[in-house]
Amino acid sequence: MTYSPQGLGIVTQGTSQIGKFISTHGTTGDVIIPDSDKFSFGTGSDASIYFDATNLVIADENIPVSIGHASSTVTIAGNLTVTGTTTTVNVELINSANGVIFEGATDNAHETTLIAVDPTADAIIKLPAMAAGTFFLPVLAVASTVAITSTPAELNILDGVTATAAQLNYLAGITLGTAAASKAMTWAANSSWTAAGGTCTDLGIVTTVDINGGTIDGAVIGGASTAAGSFAALAATTGTFSGVLKTDDATDATSTTDGSLQTDGGLSVAKDTVIGNDLIMLSDASVIHFGGNKEVTLTHVHDSGLTLKHTATADDKPVTLTLATGETDMAADDVIGVINFQAPDEGTGTDAILVAAGIAAVSEGDFSSSNNATKLSFRTAASEAASEKMSLSSGGNLTVLGDIVLDDGGSLKEAGGTAAFTFDGSGNVTKIGVTSPTSGHFLKWDGAKWVPGAATVSGLACDDLTVGDGAVTLSTSSGNITIETQANDTDIIFNVDDGGSQITALTLDGSDDGAAIFKSTIKGTVFKPAVEVISSANVTVSNGYTAITTADVNRVATMPEATAALVGSTYTVKKVDSGTGNVAVTSEGDGLIDGGPSVVLYHQFESVTVICRAADVWDIM
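This is the structure:
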């Protein structure tokens, strides 16, 4: 015999080791195989048994694994998990009080448990052989030991049935051909049925009825003496129907004696009435009454039209006709209601049959809880569909596309009735305002309104006054003509045309005491300088000629300041009395008179005439 001495070198008894013999534990007699060490079977180690530290694993190389024997029983005390498919060759006995739990395709908290009710006898339930497809088993709401004996074909009769249990019970206990209380009506084999003593409250629509005689509440049922299927007479004066009274005759009524439904008296309808075609009222004075008190009427007026009237005689009972829209979101330019006028039967057609005029209520903006601004649009046509020609805004503004035409002598008046504008037959304005104008008056603004004013420009303000292309004469029969500037230091300027060119001929200098500045020479037969006589006072010279009396007091005559604008101006100062006082002629500012500060007049009738030669320079002439 051969042996490996190394293989006998067992270190730990009872524990398998690589390259060592297996020995039993010295105390317990156990043989311990380390984790993942395998017991392999077959020439090629086709199968093995090992512990992977968590599970005991039976591994194979795609070969069957048999546990137990045909005549033996294999018992697994704990849970059994099979990750593959389980195949049972013979009968599988499941002994479980808690049933079999089916997880489904999705592993979640919802499962289906199959539990067998504790059987009291052996029973076999077979699954039928079905064609390929997916099928579902029905379930019962309560436990029952009664077997369903109906065939599938019989059960399929109920496919699509929506009847309730109470309705299906109407079929229970029926005797064919005999009506019974709370039961369905069925026909006997000879297509007859009997309901002796019963009452039919509603037959609904009966297409064909063959009545072979008898009576209805004593009334004779018609036979040979009347049309087939009709009643000769009904003794009752009042008939009550709980359902529908219908006639299938489609004849239109054109008078009070024809049509599919006729009454020789009135017709009273307690509920809504639906009329599928025309409603014809043959009376020339037909009246439709509205309301429980019939206080509002719509009356036909022969050859005229309709009259809408409130019959109440008390005060403040007007007739109100409201055109109400059902729109729930009114936006700008939405039409609330329209009254149109049209001649649709006009024989010439085309434009003639279009809407010729109308009045429409049109929203001026989006409606809100605080806004319902609406205008009235007045529409007329001229070879077109009617369009807006005038509108009345929510603010009371009237807009007219064309002209406003008044009668001869007509007026535009304010709310109190006073004529603001009056026109004659020629289109002339004959009156403006409250006061009637007279000849020569014109319009003048009095600070609050336009009023007729007298032929004067007093109080008239204008920037430019253009009088036309002809000659202009400014005249007055009495009083003065005053040309006045009121702005500080403004001039009065006279412009003329000289050979086609505009030149300033004369300027009255408002900043220089109104000094006249001429473009050229002064021509004429008489030139009169302004004259001023001063007694017993000093004077500032402003006129062409100044006469001064002195008595026995010396006087001072002050010339204006010599400025460039004053060049060419002349002034004369004269002492006219024989008094002992003298007159000293001086200049304002820095002006000198012949190089000196002043010239003194001592004697009666002594005078001096000076001319402005340049700024600050006066020369004695």
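With our numbering as the guide, the letters of the sequence shown map in order to residues 2 to 622. Ideal Cβ positions, reconstructed from N, Cα and C, are used throughout, including at glycine.
Check                                                                                                                                                                               : Outcome
Give the secondary structure of Leu567 by DSSP, where H, G and I count as helix, E and B as strand, and everything else as coil.                                                    : helix
Taking the alpha-carbon positions, what's the Ala229 to Asp211 distance?                                                                                                            : Low confidence applies here, because Ala229 scores a pLDDT of 46, under 50, leaving its location unreliable and the question unanswered by this model.
Determine the burial state of Gly396: buried for a count of at least 16 other Cβ atoms within 10 Å of its Cβ, exposed for fewer.                                                    : exposed
Return yes when the Cβ of Ala563 is within less than 8 Å of the Cβ of Cys613, no when it is not.                                                                                    : yes
How would you label Trp619, buried or exposed, when you count the other beta carbons within 10 angstroms and need 16 or more for buried?                                            : buried
I'd like the list of long-range same chain contacts for Ala383, defined as Cβ closer than 6 Å, with 5 residues on each side in sequence excluded.                                   : none
DSSP three-state label for Gly351, please.                                                                                                                                          : In the sequence under discussion, the amino acid at residue 351 is Thr, which differs from the Gly named in the question. Helix at Thr351.
By how many angstroms is the C-alpha of Arg380 removed from the C-alpha of Val339?                                                                                                  : 10 Å
Which residue marks the beginning of the beta strand (DSSP E) containing Glu389, and which one marks its end?                                                                       : Ser388 to Leu393
Are the beta-carbon atoms of Val574 and Val532 separated by less than 8 Å?                                                                                                          : no
Look at Asp591 and Ile621 and say whether their C-beta atoms are less than 8 Å apart.                                                                                               : no
Look up Leu156 in the DSSP assignment and say whether it is helix, strand or coil.                                                                                                  : helix
Which partner residues does Phe606 have in the DSSP bridge list?                                                                                                                    : Paired residue(s): none; Phe606 is not in a bridge.
Would you call the CB atoms of Thr209 and Thr195 closer than 8 Å?                                                                                                                   : no
With 16 other CB atoms within 10 Å as the buried threshold, where does Ser378 fall?                                                                                                 : buried
Would you say Tyr572 and Val542 are within 8 Å of each other, going by their C-beta atoms?                                                                                          : yes
Can you find a C-beta in chain D that's less than 8 Å from the C-beta of Ile621?                                                                                                    : In the displayed structure, chain D is absent; only one protein chain is listed.
Terminal residues of the continuous beta strand (DSSP E) containing Ala361?                                                                                                         : Val356 to Ser364
With respect to the beta strand (DSSP E) encompassing Leu115, which residues constitute its N-terminal and C-terminal limits?                                                       : Thr113 to Leu115
Can you tell me the Cα-Cα spacing of Ala565 and Ala449, whole angstroms?                                                                                                            : 47 Å
Let me confirm a value: Val58 is counted as buried when at least 16 other C-beta atoms fall within 10 Å, else exposed. Which label applies?                                         : exposed
DSSP three-state call for Ala616: helix, strand or coil?                                                                                                                            : coil
Return the chain-ordered list of same chain residues with a C-beta closer than 7 Å to the C-beta of Leu309, the five sequence neighbours on each side being excluded.               : Leu299, Val320 and Leu322
By how many angstroms is the C-alpha of Asp38 removed from the C-alpha of Met2?                                                                                                     : For Met2, the pLDDT reaches just 46, beneath the cut-off of 50, and the residue's location in the model is therefore unreliable, although a value from the coordinates is still provided. In a straight line, the C-alpha of Met2 is about 28 Å away from that of Asp38.
Going by the beta-carbon positions, is the gap between Gly582 and Asn555 smaller than 8 Å?                                                                                          : yes
Ordered along the chain, which non-local residues of its own chain (more than five positions away) have a Cβ less than 7 Å from that of Glu415?                                     : Ala421
How many Å lie between Ile50 and Ala60 at the Cα?                                                                                                                                   : 6 Å
For the putative contact between His301 and Ala286, defined by C-beta atoms under 8 Å, what is the C-beta separation to the nearest angstrom?                                       : 6 Å
Kindly list the residues whose CB is nearer than 6 Å to the CB of Ala254, restricted to its own chain and excluding five residues on each side of it in sequence; keep chain order. : Gly260
Can you grab the Cα-Cα spacing for the pair Ser73 / Ser67, in whole Å?                                                                                                              : 12 Å
As a quick exercise: from Val140, Thr107, Gly569 and Val147, pick the residue whose alpha carbon is nearest that of Ala124.                                                         : Val147
Please report the distance separating the alpha-carbon of Gly267 from that of Val275.                                                                                               : 17 Å
How many Å lie between Ala225 and Ser183 at the Cα?                                                                                                                                 : Low confidence applies here, because Ala225 scores a pLDDT of 46, under 50, leaving its location unreliable and the question unanswered by this model.
Below 8 Å on the Cβ atoms is my contact criterion, and I expect Glu365 with Ala333 to pass it. Report the Cβ-Cβ distance as a whole number of Å.                                    : 7 Å
Should Ser371 be labelled buried (16 or more other beta-carbon atoms within 10 Å of its own) or exposed?                                                                            : exposed
Excluding sequence positions up to five away, which residues of its chain have a Cβ less than 6 Å from the Cβ of Leu402?                                                            : Lys390
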